[in-house]
Structures are given as structure tokens and as C-alpha cells.
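In this note's numbering, the protein residues as written are 470 to 735.
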Amino acid sequence: MSTEFNRFIVYSFSSHLGLLFLIIFIQLITGFLSQTDRMKLQMSQTAIRVDVVAMPTMSLKELRALESEINREDLQEAKEDKVEKVLEEKSLETSQLEYLKEKEGKDKKAFLSMLKDLGKTKLDNKEQKAMRQKDKLPLDGNLKRELQKLIIAGNKVSKGSSLTGEVISDKEASEFNNYINKLPEIIRPFWQLPSYLKEQNLQCRIVLYLSSDGSIIKTTILETSGNDDYDLRALKSIQAAAPFPLVTPEIVDRVKSGEIVLGFPL
Numbered sequence: 470m471s472t473e474f475n476r477f478i479v480y481s482f483s484s485h486l487g488l489l490f491l492i493i494f495i496q497l498i499t500g501f502l503s504q505t506d507r508m509k510l511q512m513s514q515t516a517i518r519v520d521v522v523a524m525p526t527m528s529l530k531e532l533r534a535l536e537s538e539i540n541r542e543d544l545q546e547a548k549e550d551k552v553e554k555v556l557e558e559k560s561l562e563t564s565q566l567e568y569l570k571e572k573e574g575k576d577k578k579a580f581l582s583m584l585k586d587l588g589k590t591k592l593d594n595k596e597q598k599a600m601r602q603k604d605k606l607p608l609d610g611n612l613k614r615e616l617q618k619l620i621i622a623g624n625k626v627s628k629g630s631s632l633t634g635e636v637i638s639d640k641e642a643s644e645f646n647n648y649i650n651k652l653p654e655i656i657r658p659f660w661q662l663p664s665y666l667k668e669q670n671l672q673c674r675i676v677l678y679l680s681s682d683g684s685i686i687k688t689t690i691l692e693t694s695g696n697d698d699y700d701l702r703a704l705k706s707i708q709a710a711a712p713f714p715l716v717t718p719e720i721v722d723r724v725k726s727g728e729i730v731l732g733f734p735l
């Protein structure tokens, strides 16, 4: 009886001990598997993060070629912008010249009409005598010849009258003549033409309006040369030479009203 009991005790102890080892083994296996899963998860996450980083799709040589192409495109765009700017400036200059020609056409008609009316104006001998007595300046031969010739190309002044038909004195005519004879010498240093324009023998006439201090009020083309570049150079030479000498009170009304006509070439 005691032998069976002892055997039972041994079996029971062995069974519990085996069960205990089994439980420990299972826990070890479970822990190992959990650690393996965590390692796999970390490896998976690492792999995902690595996949997010994109590798270069172009070689260094291709990148340099691309950079050169971009630089060429930028340079081409800069050239196109410069060409467009030059074209815009040319267009603006042409528009200004067209405006001047249109306005000068109207002034030309008015000026020619004034010359026509001037040709019809005649002073009788009594009026001429009264004017000479008033100024006490006799008409000598030199003054008569000066009034009969062209003072400047296009300036044709009738003896004893202005372009507006007003009676003028010998003194006023002499001062006006002396003043406008100075202008070509002042303007000539600024009047320069390229050889291709010189060979064409072009001519134009510019009406000049001056204030009392010699500054330019405006300029208009009375007679165009037919070449826009030639006309524009004539206008620019006048602008560059300004201001001109002071105008005396006796002739200030005449220079303001546009009785100065400059013929080009000077």
C-alpha cells in the first residue's frame, strides 16, 4: 500500500514537473516568436522608409546637358526681349515722325497761304515814305540787296513787310537778317550725315519757332526731303544746337510766329 502511494507521489510529481517545463517551453517559444515578429516589422518599416527615397533618374552628364540647354533658352529669351524692345523703340520713333509730318502738313498749308497773301499785299509810296521818316533810316543799296535775296533757304521776305503782312522798318529787317544769318553757323557743327545720305543730294526746309530767350518753342517740317531719316537728322541738329542767341524786342514777334525757315543741307 505504501509502495503504491509512493509510486503515485512520484508520478504526480513527475507529471507536474513535466507540465511546468511544458508551460515554460511554450512561453519561451511564444516570446521568441513575438521578438521575431517585431524584428520583421522593424525591417518592413525600414524597407518602406528606404523605398520612399527616390534615386536620381539622370546621370551627371545628362544633368549638365540639361543645365546647358536651360542656359541657352534663357539667353535666347533675353535676345528676343532685346529685339522686341528695339522694335518698340523703332515703332515709337516712326509714330512720332508720322505725327510730326501730319502736323507739319497743316502748318505748311498755313505758311504757303500766308506767303500767297503776302504776294498780293502792296504798300503805296506814301506808306513807305511815312515808315522811312518814322525810323529815320534811309534805305541804302546794301540793305535793299539783303532784303531781296534769300536770307536762309526758304526765307523770302518782301521789302517793307513781314511774312504776316505787317509793315516792318529797315532797322527791324536788318536785325532780323543779322539774327537768322547766325543760325546756320551755330547749327552746322551738329549737322552730320552718313555718306549714303550725302550722295542722294536731299533737301528739306524746317520752320523754327523761338522764344525771346532763344529757346525752341517748336519746329515743323515745311518741305520734306522724302527721306524720314534725313528729316529727323535735320530736326535733331536744331534741337542739339539750342538754345540760340537772345532775341531783341524788335524781332521777337517774328521769331515767335515762325518766320525763320532753315534750309538743309546748311
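Here a beta-carbon is modelled for each residue, glycine too, at the ideal position from N, C-alpha and C. This one's a predicted model, so the numbers in the text were calculated from it and none came from an experiment.
Segment limits, alpha helix (DSSP H) that includes F645: D639 to I656
L616, DSSP secondary structure in three states: Confidence is the limiting factor: at L616 the pLDDT is only 40, short of 50, which leaves the residue's position unreliable, though a coordinate-based value still follows. If DSSP states are grouped into helix, strand and coil, L616 belongs with the helices.
Beta bridge counterpart(s) of F733 as assigned by DSSP: The partner list for F733 (beta bridge, DSSP) reads C673.
Helix, strand or coil at L715 [DSSP, three-state]: Reduced to three states, the DSSP call for L715 is coil.
Proximity winner among Q545, R723, C673 and R657, relative to G683 (alpha-carbon distances): R723
Per-residue burial, D674 [other beta carbons within 10 Å of its own, 16 or more giving buried]: Contrary to the premise, residue 674 reads as Arg rather than Asp in this sequence. With 16 or more other Cβ atoms within 10 Å, it is buried.
Secondary structure of L679, DSSP reduced to three states: strand
As assigned by DSSP and simplified to three states, the class of T693: coil
Top-ranked residue by Cα proximity to K725, from G732, F733 and L715: L715
Distance between E546 and S537 (C-alpha atoms, nearest Å): 14 Å
CA nearest to the CA of P712, picked from I690, G727 and S680: Distances from the alpha-carbon of P712 to those of I690, G727 and S680 put S680 closest.
Contact under 7 Å by Cβ, I707 with T688: Annotated as proximal: I707 and T688, with beta-carbon spacing under 7 Å.
Three CB pairs or more closer than 8 Å across the segment 640-647 and the segment 661-671: Because the criterion of three Cβ pairs below 8 Å is not met, the segment 640-647 and the segment 661-671 do not touch.
Rounded C-alpha distance that separates F659 from E558: 23 Å
Reference N696; option with closest CA among I655, L662 and L486: Here the closest residue by C-alpha is L662.
Contact under 7 Å by Cβ, L677 with L731: yes
Nearest candidate by alpha-carbon position, reference Y665, set V721, T472, D698 and G487: D698
Residues of its chain near T717, where Cβ-Cβ distance is below 8 Å and the 5 sequence neighbours each way are ignored: E644 and Y648
Pairwise C-alpha distance: L701 and I656: The alpha-carbon atoms of I656 and L701 are separated by roughly 14 Å.
Outcome for G487 when other beta-carbon atoms lying within 10 angstroms are tallied against a minimum of 16: exposed
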